[in-house]
Each structure stands twice: as C-alpha cells, then as structure tokens.
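Asks:
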Amino acid sequence: MGSIILFGPPGAGKGTQAQRIVDRTGQPQVSTGDMLRAAVAAGTDVGIEAKGYMQSGALVPDEVIVRIIQERLTEPDAALGVMFDGFPRTIPQAEALDRIETIDAVISIEVPDDEIVGRITGRYTCKSCGRVFHDLHLPLPKTGCPCGSFEELRRADDSEATVRARLETYHAQTRPVAEHYDRAGVLHRINGVGDVEEISNAILAALGVE
Ligand code: AMP
Numbered sequence: 000m001g002s003i004i005l006f007g008p009p010g011a012g013k014g015t016q017a018q019r020i021v022d023r024t025g026q027p028q029v030s031t032g033d034m035l036r037a038a039v040a041a042g043t044d045v046g047i048e049a050k051g052y053m054q055s056g057a058l059v060p061d062e063v064i065v066r067i068i069q070e071r072l073t074e075p076d077a078a079l080g081v082m083f084d085g086f087p088r089t090i091p092q093a094e095a096l097d098r099i100e101t102i103d104a105v106i107s108i109e110v111p112d113d114e115i116v117g118r119i120t121g122r123y124t125c126k127s128c129g130r131v132f133h134d135l136h137l138p139l140p141k142t143g144c145p146c147g148s149f150e151e152l153r154r155a156d157d158s159e160a161t162v163r164a165r166l167e168t169y170h171a172q173t174r175p176v177a178e179h180y181d182r183a184g185v186l187h188r189i190n191g192v193g194d195v196e197e198i199s200n201a202i203l204a205a206l207g208v209e
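All residue numbers for the sequence shown refer to numbering that gives the first Met the number 0, where the first residue is 0 and numbers rise by one.
(1) For G10, which residues in the same chain have their Cβ closer than 6 Å to its Cβ, ignoring the five residues on either side in sequence?
(2) Any heavy atom of the ligand AMP inside 7 Å of the beta-carbon of F86?
(3) Counting only the same chain and skipping the five closest in sequence on each side, list residues whose C-beta sits under 8 Å from that of R23.
(4) Taking the Cβ atom as the reference point for each residue, do R122 and V131 lie within a distance shorter than 8 Å?
(5) Which runs of the alpha helix (DSSP H), 4 residues or longer, sit entirely within the segment 111-163?
(6) Would you check whether the ligand AMP has a heavy atom nearer than 7 Å to the C-beta of G56?
(7) Give me the Cβ distance between Y52 and V105, rounded to the nearest whole Å; I'm assuming they're in contact under 8 Å.
(8) What are the boundary residues of the alpha helix (DSSP H) that includes E109?
(9) Any idea what DSSP makes of Q69, helix, strand or coil?
(10) Starting from V45, trace the alpha helix (DSSP H) both ways and give me its first and last residue.
(11) CB of Y180 to nearest heavy atom of the ligand AMP: below 7 Å?
(12) Residues in the same chain with beta-carbon distance under 7 Å from I90, minus the five sequence neighbours each way, listed in chain order, please.
(13) Could you spell out the range, first to last residue, of the alpha helix (DSSP H) harbouring H170?
(14) Less than 8 Å between the C-beta atoms of P87 and L79, yes or no?
(15) Mapping the DSSP letters down to three states, classify L206 as helix, strand or coil.
(16) Sorry if obvious, but does the Cβ on P9 come closer than 7 Å to a heavy atom of the ligand AMP?
(17) Can you determine whether any heavy atom of the ligand AMP sits closer than 7 Å to the C-beta of M53, and answer yes or no?
(18) So if DSSP puts Q28 in a beta bridge, which residue, or which two residues, is it bridged to?
(19) What separation, rounded to the nearest whole angstrom, lies between the Cα atoms of E94 and E100?
(20) Using 7 Å as the cut-off, classify the Cβ of G12 as near or not near the heavy atoms of the ligand AMP, replying yes or no.
Below, the structure written as structure tokens:
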C-alpha cells in the first residue's frame, strides 16, 4: 500500500478519523498542523517562521511545508507509506508530493461551513491529558476530567474570526487540491456529518480496509 491523504476543511473531524484509520492500516499519521504546533512550542526556526501565519488563519509558505514533509518521509517508519493529515493544502504542495510519493487514495471529508464554525469554536482539551471536550456536545464534567485535572486549554487559532479566516483560505487555496486528485482518479468524497462510527466505516470501505 502507498500513502493516503485525509482531506477536508479544518474541523471536519480529520483528527478523529485519522486515529481510527491508523489503528486499522498501521500507517503512521503525518499531520503538518501537529508538526508545526510542536515546532512553535519548541521555538525552532520553522516554528518562529510559522507562528504568525497560523495565528491569523493563513497558510504557512509552501517551501517550509515541503521541507518538513521531505524530512519526515526519510524516517524509517514512513517507508511503507503514511497517512497525510492536513497536507497537501495547496496545488504547489500537491505537485511537490507527486514528485516524491505515490498516493493510492484521497479521502475528502465533506462538512458545511456553519457546522464547522460551531464545532471548532466550542472545542478545548484537558491541559494535562489532552482529552477533547466541547462546550455544547461534551463539556468538562463539574468533577473535572477523568484524569483528575480541572485545567482546560483552548487553541489560540480556534476563535470564530480565525476559524472563518481558515475556511476562506480553505475554499480559495485548498479545495482545488481535491480536483487535482479527482483528475488523477483517486478521490473519494465522504459525508462528514453524522455518526463518527458510520463515517469511519465509509472511509474504511473506500480504502478497501474492512
Ligand atoms: P491544522 O491543525 O491542520 O488545521 O493546521 C493549523 C494551521 O497550521 C493552519 O491553519 C495553517 O496555518 C498551518 N498549516 C498546517 N498544515 C499546513 C499546510 N499543509 N500548508 C500550509 N499551512 C499549514
């Protein structure tokens, strides 16, 4: 099996589905968002360059992204293919990827904008264990997180204005990437609204993993 891409707007549930796919395929998850957040936290050169773009909802420049992906793909666990999450986000990124990796399938998780804004702006995690909570759907219990902590953490790029900006960026720069893979005959469109389990099953069926 070559690599696969998990594609869709921010807040489509890519993170949740990524975990489920990885559990079944055994491929490592390669998330540029996670790699960039780690770089920002560690204060590396990449982190320093990326921080401003991320906070405003803009995309980090292609050459930075392609560089961190190239480095990641040289690691031994990437030899049998990976699952990309949040990459590629532009046509130049997709073209760069075409030159270095075979893509077997692209799963596009489709969710309307208004649904996404509601999902992301209510989202937060437990500061000590990372469990995800949501103001409306799954609030932190009054007794605290099951891990014992009461402290919550909200991502700085999760405010409504930033989410709207990220969606605009998505429509302008990222959606054309789906057409790129549609032309290559590897795109699978999956409805991302509904039961998490059913969405996972639809994705695994599209990947031919039962
Ligand atoms: P994510 O967690 O995937 O939504 O990524 C968070 C932020 O990191 C995005 O809003 C972008 O600023 C940046 N980012 C992540 N992946 C990419 C990418 N492939 N290309 C450009 N910027 C990215």
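Glycine included, C-beta positions come from ideal geometry on N, C-alpha and C.
Replies: Checking against the coordinates, here is how it stands:
(1) I115, R118, I119
(2) Within 7 Å of the C-beta of F86 there is at least one heavy atom belonging to the ligand AMP.
(3) Answer for R23: L203, V208, listed in chain order.
(4) yes
(5) 112-120
(6) G56: yes, Cβ under 7 Å from the ligand AMP.
(7) Incorrect: roughly 24 Å between the Cβ atoms, too far for contact.
(8) Segment 102-109 is the beta strand (DSSP E) holding E109; no alpha helix (DSSP H) there.
(9) The answer is helix: DSSP assigns Q69 an H, G or I state.
(10) 44-55
(11) Flag unset: Cβ of Y180 not near the ligand AMP.
(12) P175, V176, H179
(13) Premise fails: H170 is in no alpha helix (DSSP H) and is neither H nor E.
(14) Contact: no.
(15) helix
(16) Within the cutoff, so yes.
(17) Yes.
(18) M82
(19) 10 Å
(20) no
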